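The structure appears right after this line, and notes come after that.
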Amino acid sequence: MIYTLTANPAIDMNISSYGIMGKVVNRTFDAVYTPNGKGLNVSYCLKRFQTQSAVLGFFGGFSGKYIVDETRKRGLKVYPVWVEDTTRINIFLNDGTEEYKFVNEGSYVSSKKQKNLCRLMETLNDMDTLIISGSLPKGLKDTFYDEVMEICRKKQTAVILDISSTCLKDLIGCRPYLIKPNDEEIKDIFGIVMRDEADVTDVLKDLHESGARNILLTLGERGSYFYNGSELYHAGTKKIQLVSSACAGDAALAGFLSIWLKQPYEIESALRRSAAVGANVAESSGLGIMDKVDNYAKEIIVRKVEGV
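In short: position in the sequence shown from 1, add 206, done, that's the working numbering.
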């Protein structure tokens, strides 16, 4: 069974307006409220492609209850660890030209609740794969990742990391099954700016030699790369009119995993679906509508990078 871990979930409120001005009432429309969090998004999208998963995370207050209830309504198992604080609500505002993101820091999680989650994971006998996504809430230190990785090592659980913490540099030494950094994270965590494909190749080789067994690197408009130590592939993108970038990266990861985890040699198909899902979500304000994935996938160009 695949499990996703979201330590810092949220409700995302996507709204639109005809402009933003100070000291006046700004009217908005098309408000969409969605249970959210990077790991949760991965689970929602995996289910869209008939890949079952279960959800782990910290939840609190009315907003935490809403997320858990809505997730269960979608047919997913949830193993919540309840905290006293209220789960955050994020706002994504599109004024017709630009998108503005207001992301809150999240609820406080005590060391006791951290231990409760770790004990819970130790009891999960079917945790074949664990996808760790997103940021840590208040109260949790980076050592939380170390504890989770040690539990997975003992259980022989394949770990997939999609985190922006600087501790990713150390965690890849634990030989995660897959990591999914983007260009900003490579710059912030490793201090490397990737100007061209030669830079990308060097970074991917370094990450693999440091312990990451597989890498899915996303570069926005420059597409994505996958490297497994022997083969390197590049996938292009689909041009769209951006509505909201919220959830797009998580959906792209889930789209890739929905094929690759079952058929690890179907790299090209996995990359096509990944790019198509990310584009479809970004133009439709969330995970609710993914009606163009198959058509978009046909338009994505994937090539094998030779000479690696």
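Just so you know, even glycine gets a beta-carbon here, dropped at the ideal spot from N, CA and C. Because the structure is a prediction, the values reported are computed rather than measured.
Query - Residue range of the unbroken beta strand (DSSP E) whose run includes Leu-262 - result: Taking the first residue of the sequence shown as position 1, residue 262 is located at position 56. Per DSSP, Leu-262 belongs to the beta strand (DSSP E) from 259-265.
Report task. With distances taken Cα to Cα, identify the nearest neighbour of Pro-215 among Ser-223, Lys-318 and Gly-267. Result -> Walking along the sequence shown from the start, residue 215 turns up at place 9. Selected option, being the one with the closest Cα: Gly-267.
Requested in this report: Evaluate Ala-237 with the Cβ neighbour count: other Cβ atoms within 10 Å of its Cβ, from every protein chain shown; 16 or more gives buried, anything less gives exposed.
Outcome: Taking the sequence shown and counting its residues from 1, one reaches residue 237 at position 31. Exposed, since its Cβ has fewer than 16 Cβ neighbours within 10 Å.
Query - Euclidean distance between Cα positions of Asp-352 and Gly-397 - result: Mapped onto the sequence shown, residue 352 falls at position 146. Mapped onto the sequence shown, residue 397 falls at position 191. Taking the straight line joining both Cα atoms gives about 23 Å.
**Report entry** Enclosing beta strand (DSSP E) for Phe-432 [first to last residue]
**Finding:** Taking the first residue of the sequence shown as position 1, residue 432 is located at position 226. Its beta strand (DSSP E) spans residues 430-433.
Report task. State the CB to CB distance for the pair Ala-423 and Ser-416, rounded to an integer number of angstroms; the pair is presumed to be in contact (CB under 8 Å). Result -> Here residue 423 corresponds to residue number 217 of the sequence shown, with the count starting at 1. Here residue 416 corresponds to residue number 210 of the sequence shown, with the count starting at 1. Contrary to the premise, residue 423 reads as Leu rather than Ala in this sequence. So it is not a contact: roughly 14 Å between Cβ atoms.
Query raised in the report: Per DSSP, Glu-305 is paired with what?
Result: As a first step, residue 305 is located in the sequence shown; it is residue number 99 there, counting from the start. Per DSSP, Asn-300.
Query raised in the report: Alpha carbon to alpha carbon, how far is Met-333 from Tyr-209?
Result: In the sequence shown, counting from the first residue as 1, residue 333 sits at position 127. In the sequence shown, counting from the first residue as 1, residue 209 sits at position 3. Cα to Cα, the separation comes out at about 6 Å.
**Report entry** Environment of Gln-320 [buried if 16+ CB atoms lie within 10 Å]
**Finding:** As a working mapping, residue 320 is identified with position 114 in the sequence shown. Buried is the call here.
**Report entry** Cβ contact check for the stretch 282-296 and the stretch 259-274: 3 or more pairs under 8 Å
**Finding:** yes
**Report entry** Assigned exposure category for Ile-378 - 16 Cβ within 10 Å defines buried
**Finding:** Along the sequence shown, read from residue 1 onward, the residue named residue 378 stands at position 172. Result: buried.
Query - Residues that DSSP places opposite Ala-364 in a beta bridge - result: If you number the sequence shown from 1, residue 364 lands on position 158. Answer by DSSP bridge pairing, in chain order: Thr-335.
Query raised in the report: Which whole-angstrom value describes the C-beta separation of Leu-467 and Thr-335, a residue pair presumed to lie in contact below a C-beta threshold of 8 Å?
Result: Your numbering for residue 467 matches position 261 in the sequence shown. Your numbering for residue 335 matches position 129 in the sequence shown. Confirmed, about 7 Å.
Query raised in the report: Is Ser-490 helix, strand or coil when you go by DSSP?
Result: Residue numbering aside, residue 490 sits at position 284 when the sequence shown is read from its first letter. Note: Ser-490 maps to coil in three-state DSSP.
Report task. Please check the pair Ile-421 and Tyr-439, which I expect to be a contact at CB under 8 Å, by giving their CB distance rounded to whole angstroms. Result -> In the sequence shown, residue 421 corresponds to position 215, counting from 1. In the sequence shown, residue 439 corresponds to position 233, counting from 1. The pair is not a contact, with the Cβ atoms about 11 Å apart (cut-off 8 Å).
Query raised in the report: Just to confirm, are Pro-382 and Val-365 a CB contact at a threshold of 8 Å?
Result: Against the sequence shown, residue 382 aligns to sequence position 176. Against the sequence shown, residue 365 aligns to sequence position 159. Yes; because the gap between Cβ atoms is below 8 Å, this pair is in contact.
Query raised in the report: Within this structure, are the beta carbons of Ile-369 and Ile-392 separated by less than 8 Å?
Result: Locating residue 369 in the sequence shown gives position 163, where the first residue counts as 1. Locating residue 392 in the sequence shown gives position 186, where the first residue counts as 1. No. Outside cutoff.
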